[in-house]
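Input: a single structure, listed below in structure tokens.
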């Protein structure tokens, strides 16, 4: 039995755009492990798109410095 499993994480940018496209990243994860996915917004004059990629813990920690839970997530965590 393979201890690793593939997982897909998808995201979609909001707004009024007509042809919204989902972005996906696939990671191989082992039970009990910690994995980090960065979601970056790439913008041009005409549109914005999401880019998702798996990153290291060090990269994730740098990108998460100064972040706080938003009210919605905090309420969900308390339920």
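In my numbering, the protein residues as written are 67 to 145. Just so it is clear, CB atoms sit at the ideal spot from N, CA and C, and this is done for glycine as well.
Our contact map puts residue i next to residue j with C-beta atoms below 8 Å; I'd like the distance itself, whole angstroms only.
i           : j           : result
residue 102 : residue 120 : 7 Å
residue 79  : residue 91  : About 15 Å; that fails the 8 Å criterion.
residue 126 : residue 95  : With a Cβ gap of about 14 Å, residue 126 and residue 95 do not count as contacting.
Do residue j and residue i come within 9 Å of each other at the CB atom, strictly closer than that value?
i           : j           : result
residue 89  : residue 105 : yes
residue 115 : residue 87  : yes
residue 118 : residue 77  : yes
Taking the C-alpha atoms as reference points, what is the distance between residue i and residue j?
i           : j           : result
residue 73  : residue 128 : 24 Å
residue 98  : residue 108 : 32 Å
residue 136 : residue 124 : 23 Å
Quiz item: Which runs of the beta strand (DSSP E), 3 residues or longer, sit entirely within the region 98–129?
Solution: 102–109 and 114–121
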